[in-house]
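J.: The listed protein sequences derive, respectively, from chains A and P.
Under this note's numbering, the first residue of the first sequence carries the number 4, and numbering increases by one thereafter.
Under this note's numbering, the first residue of the second sequence carries the number 48, and numbering increases by one thereafter.
Ideal Cβ positions, reconstructed from N, Cα and C, are used throughout, including at glycine.
For clarity, every value in this text was computed on a predicted model and none was experimentally measured.
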Amino acid sequence: MSSKGGFTMPKLAIGAVALIALLATPHFLGFHHQDLLIFLTINVLAVCSYRLVTLTGEWSLIHAVMMGVGAYTVALSVNHFDLAIWFTLPLAGTAAGLIAALLCFPLLRMTQFYFLIGSFAAGEAIRLTWVEFVGVFGGTSGLRGVEAPVVWGIDFLDPIPYFYFTLVVVGICLLILYRIEHSRIGLTLHAIHWKAPLAESVGVNAWRYRALAFILGSFFVGIAGGLKVHYLGSVTPNQFTIGFMVFILIWVIVGGYNKFYGPVIGVVVLTIFDESIRSFEVIRPAIYGGMLILSILFLPMGLESIPAKLKSWFGSDSASDEQALSDQ
Amino acid sequence: MPVLEINNVTKKFGGLMALDDVSFQVEEGEIRGLIGPNGAGKSTMFKNIAGFYSPSSGDIRYQGQSIAGRKPHNIAEMGVVRTFQETTLFQELSVFENVLVGCHIRSRSNLFAAILGLDRGLQREAEEKVAEVLDFMGLGERREQLASELPLGSQRALAIAIALASEPKLLLMDEPFAGMNPEETNHMMELTRKVQESGISIVLVEHDMKAVMGLCGYLTVLNFGQLLAEGTPEEIRHNERVIEAYLGGAG
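1) Based on the DSSP output, what are the partners of Thr267 (chain P) in its beta bridges?
2) Which residue or residues does DSSP assign as beta-bridge partners of Val242 (chain P)?
3) From Gly111 (chain P) to Val180 (chain P), what distance separates their C-alpha atoms?
4) Measuring straight from C-alpha to C-alpha, what distance separates Met256 (chain P) and Met92 (chain P)?
5) Taking only beta-carbon positions, decide if Glu203 (chain A) is within less than 9 Å of chain P.
6) Would the segment 208-221 of chain P and the segment 113-126 of chain P be scored as touching if the rule is three or more Cβ pairs under 8 Å?
7) Determine the closest residue to Leu252 (chain A) out of A:Ile175, A:Ala67 and A:Ile102, with distance taken between C-alpha atoms.
8) Do we get a CB-CB distance below 9 Å when we pair Thr191 (chain A) with the residues of chain P?
9) Is it true that the CB of Leu40 (chain A) sits closer than 9 Å to the CB of Val224 (chain A)?
10) Please confirm whether any heavy atom of the ligand COA lies closer than 8 Å to the CB of Ile290 (chain A).
11) Can you give me the Cβ contacts of Met236 (chain P) inside the same chain, cut-off strictly under 7 Å, excluding the 5 residues immediately before and after it?
12) Mind pulling the alpha helix (DSSP H) runs of 4 or more residues that sit fully within the segment 203-261 of chain P?
13) Within 10 Å of its beta-carbon, does Arg203 (chain P) have 16 or more other beta-carbons around it, so buried, or fewer, so exposed?
14) On the three-state DSSP scale, how would you describe Leu64 (chain A)?
15) Quick one: give me the first and last residue of the alpha helix (DSSP H) that Asn46 (chain A) is part of.
16) Should Trp316 (chain A) be labelled buried (16 or more other beta-carbon atoms within 10 Å of its own) or exposed?
17) Give the residues of chain A in contact with Phe93 (chain P), contact being defined as C-beta atoms less than 9 Å apart.
18) Between the Cα of Phe99 (chain P) and the Cα atoms of P:Gly278, P:Leu219, P:Leu81 and P:Tyr293, which residue gives the shortest distance?
19) Report yes or no: is there a C-beta of chain P within less than 9 Å of the C-beta of Ile226 (chain A)?
20) Counting only the same chain and skipping the five closest in sequence on each side, list residues whose C-beta sits under 6 Å from that of Ile129 (chain A).
21) Three or more C-beta pairs closer than 8 Å, one from the segment 182-195 of chain A and one from the segment 152-169 of chain P: is that the case here?
22) According to the Cβ coordinates, are Phe301 (chain A) and Tyr291 (chain A) closer than 9 Å?
23) Give me the DSSP bridge partner(s) of Gln330 (chain P).
24) Just verifying my parser: in three-state terms, what is the DSSP assignment at Met64 (chain P)?
25) So who's on the other strand from Glu52 (chain P), going by DSSP bridges?
26) Have a look at A:Lys231, A:Ile226 and A:Ile163 and flag the residue whose alpha-carbon is nearest the alpha-carbon of Phe31 (chain A).
27) According to DSSP, what are the bridge partners of Asp158 (chain A)?
28) What number of angstroms, rounded off, separates the C-alpha of Tyr293 (chain P) from the C-alpha of Ile102 (chain A)?
29) Note down the Cα distance separating Val148 (chain P) from Gln192 (chain P), rounded to an integer number of angstroms.
30) How should Lys176 (chain P) be labelled, buried or exposed, when 16 other C-beta atoms within 10 angstroms of its C-beta is the threshold for buried?
31) Could you name the residues that DSSP lists as bridge partners for Ser156 (chain P)?
32) What residues in the segment 160-190 of chain A have a beta carbon less than 7 Å from any beta carbon of chain P?
33) So Val270 (chain A) is in the alpha helix (DSSP H); what residue range does that whole segment cover?
34) Output, in chain order, the set of chain A residues within a Cβ distance shorter than 8 Å of Gly149 (chain P).
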């Protein structure tokens, strides 16, 4: 929770190098990998927004569907009203946020496993609406022909400009999510997670804060869904099944959910790993699964805990003391 | 006007009568002891006052206003704050952050101010409040430590500090002396008096008779969910029914 140390010179330098590397990356990649890079950037927003929802201690299974809400909103608003991307993305977030706000009333009466099941059921209800209402949502084949946006004469069908655009949008969203987590609101969410009755006894309306986290998380994943459909040009109900939801969970857990950047590490490392074992073909899923099991066995606090672990193995006694404390 | 009025409060759990038509009043500025053998209904009474339960019948009035059945956070906003049995703290947060959560009511930042960083003034005010409360409770030196690292006495002091940060007018303390050694008990008694002297009325549920007799001017005794007796510590000490309730229960 504590965020000690501001932006020191070395940190700034590392940040600048990372940014330049990130901006240069698509130029060294083939078409297929440029696509992958864009989806990875979008998935970073999906996991970071999910983290906000989990801050109150409640894990939902509706996040993937909320991403779909954003995606369908964009597809419909482009196909029917030809709205520009400046309007469609906020609209995608707002639609997901509004549906989340409505779902708060039944869902937030539940906690833990009941909330998990309740959110899954609500999500499936929404997803199957897309399947069943063929006239509006196109059924199982979804909505197609969503034209790529053209902004200031730049065609976003081209992966490189669209990657930069995605990077800016996701960057802004991440900054906002970070600010929320490190504000008093974030502290209150943590407090509700650990001891809701104590927080309530000093005047915290726990229900409202749970709702806030759920609505905001849905808002940002709605934008992620919108970014996806703008690039892909189509959306189907199959993109947002429980299967994709499980991937979000895996990325968050393997990356580590105790720090803001844990889920980011999770989604980046696992995506690159999955891509790097592509040549193994039939045994690729087995390798991927095996890697997940090993990672959770040996790094239960996530990949994010590797530096602290290394420090405690090779560092001085004081470093290992710090580790012991932070493990508690 | 009494700060707290309990009027004919009954609380039933199925067929079990946890509180049976209990009435008493707490005067402004006093430390009222609420005692009784285990299972007498003291904690149930606390939960009813603080809004964690709502009474099956009867009314609870704070400063003349009915608070029965309101939500805990509403009641806290009105100025009635409880502490919890044992060490209910945000164990994985620092002492400073624990008390900062307690400042919620007085300095709440809204979402947009928090994102844009416009809540700095509010934030500074809250931090000053935290520093003040920590000094008041003698925890100033420990502000960066994790709550889970504190010794028992300091953990209990921190629990009270969290409550004080919300600026209550009536503090409900649930067994703050349980498990303490004599030295810690003495220190906690001093702190409790200091809280009272700062103008906060206190209702104290406690088994430690030394602390209760030393702190409270007036006692309310519950037994099997009913009001058994009321009086000064001296009167209660010699009350036949109270002696029977305690010794009868033990024998």
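T.: Put simply:
1) P:Leu81 and P:Glu277
2) The partner list for Val242 (chain P) (beta bridge, DSSP) is empty, contrary to what the question assumes.
3) 28 Å
4) 19 Å
5) yes
6) yes
7) A:Ala67
8) yes
9) no
10) Ligands in the displayed structure: none, and consequently the ligand COA is not present.
11) Ala258, Gly261 and Leu262
12) 229-244
13) buried
14) coil
15) Phe34 to Thr57
16) exposed
17) Per Cβ cutoff of 9 Å: no residues; Phe93 (chain P) is ~11 Å from chain A at best.
18) P:Leu219
19) no
20) Val68
21) yes
22) no
23) As shown, chain P starts at 48 and ends at 298. That puts residue 330 (chain P) outside it, with no answer to give.
24) strand
25) P:Gln72 and P:Arg108
26) A:Ile163
27) A:Val153
28) 57 Å
29) 16 Å
30) buried
31) For Ser156 (chain P), which the question treats as bridged, DSSP gives no partner whatsoever.
32) Ile179, Arg182, Ile183, Ser186, Arg187, Ile188 and Leu190
33) Gly265 to Ser279
34) Val205
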